[in-house]
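Under my numbering, the first residue of the sequence shown carries the number 116, and numbering increases by one thereafter. As structure tokens, the structure follows; a few thoughts come after it.
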Amino acid sequence: MIARIVEAAAMETESTSFNPRTWVSPAPPADSVSQIAPEPVVSEAPPAKRPTALWVGGSVIGLAAMAGLALLVPWGAFFGKPGAEAHQSAPAPVAAAAPMAAPRYDTRIFPAADMNELGLSLEEMGIDTGDAYFAAEEVIAALGTMEPMTVTVELDSKGAKPAIHSLTAELENGAAIRLIRAGDGGFKRESVVETAQVRVRQVGGTIKHNIFYLSAVEAGIPNSLVSDFTKAFAFDIDWGQIKPGDRFSATWEENVTRAGREVEPPRLIAVEYETDGIKRSFYAFTPPDEAEPRWFDEGGQGNARSLMRTPVDGARITSRFGVRKHPIYNIQKAHNGVDFAAPTGTPIFAAGKGTVIFQAMAGGAGNLIKIDHGDGLETRYMHLNAFAEGQGVGASVMQGQVIGYVGTTGGSTGPHLHFEIRTDGNYVDPLSFENTVTEALTGAELRMYLAQRKATSAEIAAANSPKKPAAKPAAKPKPQG
Ligand SMILES: [Zn+2]
Numbered sequence: 116m117i118a119r120i121v122e123a124a125a126m127e128t129e130s131t132s133f134n135p136r137t138w139v140s141p142a143p144p145a146d147s148v149s150q151i152a153p154e155p156v157v158s159e160a161p162p163a164k165r166p167t168a169l170w171v172g173g174s175v176i177g178l179a180a181m182a183g184l185a186l187l188v189p190w191g192a193f194f195g196k197p198g199a200e201a202h203q204s205a206p207a208p209v210a211a212a213a214p215m216a217a218p219r220y221d222t223r224i225f226p227a228a229d230m231n232e233l234g235l236s237l238e239e240m241g242i243d244t245g246d247a248y249f250a251a252e253e254v255i256a257a258l259g260t261m262e263p264m265t266v267t268v269e270l271d272s273k274g275a276k277p278a279i280h281s282l283t284a285e286l287e288n289g290a291a292i293r294l295i296r297a298g299d300g301g302f303k304r305e306s307v308v309e310t311a312q313v314r315v316r317q318v319g320g321t322i323k324h325n326i327f328y329l330s331a332v333e334a335g336i337p338n339s340l341v342s343d344f345t346k347a348f349a350f351d352i353d354w355g356q357i358k359p360g361d362r363f364s365a366t367w368e369e370n371v372t373r374a375g376r377e378v379e380p381p382r383l384i385a386v387e388y389e390t391d392g393i394k395r396s397f398y399a400f401t402p403p404d405e406a407e408p409r410w411f412d413e414g415g416q417g418n419a420r421s422l423m424r425t426p427v428d429g430a431r432i433t434s435r436f437g438v439r440k441h442p443i444y445n446i447q448k449a450h451n452g453v454d455f456a457a458p459t460g461t462p463i464f465a466a467g468k469g470t471v472i473f474q475a476m477a478g479g480a481g482n483l484i485k486i487d488h489g490d491g492l493e494t495r496y497m498h499l500n501a502f503a504e505g506q507g508v509g510a511s512v513m514q515g516q517v518i519g520y521v522g523t524t525g526g527s528t529g530p531h532l533h534f535e536i537r538t539d540g541n542y543v544d545p546l547s548f549e550n551t552v553t554e555a556l557t558g559a560e561l562r563m564y565l566a567q568r569k570a571t572s573a574e575i576a577a578a579n580s581p582k583k584p585a586a587k588p589a590a591k592p593k594p595q596g
């Protein structure tokens with residue numbers, strides 16, 4: 116029942132592109148997500164807790180308009196508002212919408228500020244002047260108002276002049292009226308309850324300012340989604356320290372009417388951020404029995420993460436945390452970290468997102484890096500052969516970012532990394548320390564998640580495909596506030 120339209124907003128930020136072939140009859144009204152029977156969005160997709168088609172109508176309308184409308188249409192039929200009333204009365208005023216899929220009529224969508232503009236626009240399409248203004252008058256009479264509206268007209272081009280087959284006028288508050296050509300040459304009026312379609316959009320951008328918000332909005336990410344985006348990366352990125360040139364992309368779903376009016380706030384479904392050659396992606400997923408979506412990476416790992424326990428690849432532990440005999444000083448001494456032996460030059464990673472607060476040669480520690488991870492959490496990396504190029508004190512680092520290379524500087528018997536974690540000034544064992552609960556999806560949840568992610572990826576790919584929906588609106592709909 117859900118018509119899904121995919122669109123790459125990077126290519127087409129403002130305009131709305133609708134394919135009439137995707138139009139469907141209105142779904143049975145639903146007043147809450149929970150009442151919608153789970154429908155597979157894509158064949159492999161599991162029942163997803165996504166809001167599907169919405170039942171939208173004019174739930175708010177001026178008294179004057181009400182007075183006008185009351186004379187014209189059955190009250191309940193017009194006010195197919197979201198909620199119990201609509202649900203009970205179960206009107207299907209536009210059940211006849213299905214034939215819209217037939218290519219017989221040329222569909223045009225355009226804004227009109229008032230009756231004259233509506234009449235004029237119709238006239239400019241070649242419609243007989245008398246008919247154009249008659250239709251415009253009918254619309255105003257039916258809506259009882261002259262507020263700006265979005266008009267969808269189906270043109271019948273069989274005759275010498277194009278004629279109106281149907282005309283739908285939708286006010287910004289969702290109230291809409293539809294005129295359908297009647298046998299007598301006049302129009303039959305129908306109230307319309309607009310159904311929403313889910314549309315997937317993706318935009319990508321590059322950081323140009325030090326404030327993510329500015330770059331995000333400039334790229335076309337809706338204002339309301341920026342904070343969700345930053346929260347998804349709360350464990351990876353220090354948003355106060357981002358760099359120009361970093362790349363990002365956001366994918367969201369929006370529910371829009373045929374005229375392009377949003378009927379509920381957009382929902383972020385996938386996010387991506389790339390800095391220093393490290394790219395992280397997260398996908399929104401609502402685990403069964405949970406109300407709100409959370410963020411998971413490609414493998415189903417939650418975005419909340421603890422520090423890496425082994426911040427160097429291919430290393431073997433040569434000395435654990437605790438008391439031991441010091442190899443050089445030959446005295447009993449607490450070993451405040453873990454030693455990882457690895458060849459000189461092996462990259463060392465930041466164990467977590469943070470800021471470099473110390474980076475220099477420091478006596479027995481050799482080349483030392485200290486990273487502040489916030490909340491009193493600090494990691495230290497010793498005996499480095501070299502620091503990462505261009506990095507200095509104050510540098511912001513992501514988890515997994517290369518900060519330096521294994522060496523044997525300072526008091527060291529061979530190439531290794533001495534790694535420490537301190538919390539509020541106390542040493543803790545890096546091999547057992549957990550500062551956050553890292554949750555990974557498993558079993559059935561993981562399978563559901565992977566299926567949904569596959570569907571999302573397919574939608575994103577489709578959104579970025581050069582094959583666009585064929586139909587173009589005749590004019591840009593008035594931007595909605
Ligand atoms: Zn050590």
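The C-beta atom is built at its ideal place from N, Cα and C for all residues, glycine as well.
- Nearest C-alpha to T222 among E252, A251, T283 and Y248: T283.
- A365 and F344 do touch by the CB rule: their CB atoms are close to 6 Å apart, below 8 Å.
- A Cβ closer than 5 Å to some heavy atom of ligand 1 marks a residue here, and those residues are D454 and H533.
- In this structure, A257 keeps its C-beta atom at 7 Å or more from the C-beta atom of I224.
- Note on N325: under 16 other CB atoms within 10 angstroms of its CB, so exposed under the neighbour-count rule.
- Approximately 6 Å separates the beta-carbon atoms of A250 and L237; this is inside 8 Å, confirming the contact.
- Counting only the Cα atoms, P277 lies some 17 Å from V266.
- Every beta strand (DSSP E) stretch that sits fully inside the region 244-289 and reaches 3 residues is listed by chain position as 264-271 and 278-286.
- Sequence-distant partners of I352 (beyond 5 residues in either direction) whose C-beta falls short of 7 Å from its own C-beta, in its chain, are Y388, K468 and M513.
- DSSP places I575 within a helical segment (H, G or I) once states are collapsed to three.
- Beta-bridge pairing by DSSP links N541 to T538.
- The region 390-401 makes no contact with the region 526-540; the number of CB pairs closer than 8 Å stays below 3.
- In this model, G515 and A465 are separated by some 5 Å (Cα to Cα).
- In the three-state reduction of the DSSP assignment, M563 falls in the helix class, which pools H, G and I.
- Here T321 has R362 as same chain residues with Cβ atoms under 6 Å from its own Cβ, once five neighbours each way along the sequence are excluded.
- R219 carries a coil assignment under DSSP once its states are collapsed to helix, strand and coil.
- Y496 and A419 have their C-alpha atoms roughly 23 Å apart.
- In the assembly as shown, A406 is an exposed residue. Its beta-carbon has fewer than 16 other beta-carbons within 10 Å.
- Of the residues R314, H531, H280 and D454, the one whose Cα lies closest to the Cα of R219 is H280.
- Collapsing the DSSP output to three states places E239 in a helix.
- For L422, no alpha helix (DSSP H) encloses it, and the DSSP letter there is neither H nor E.
- For K346, the uninterrupted alpha helix (DSSP H) segment begins and ends at N338 to A347.
- The shortest C-alpha to C-alpha distance from D391 to any of D299, I384, P426 and S511 is the one to S511.
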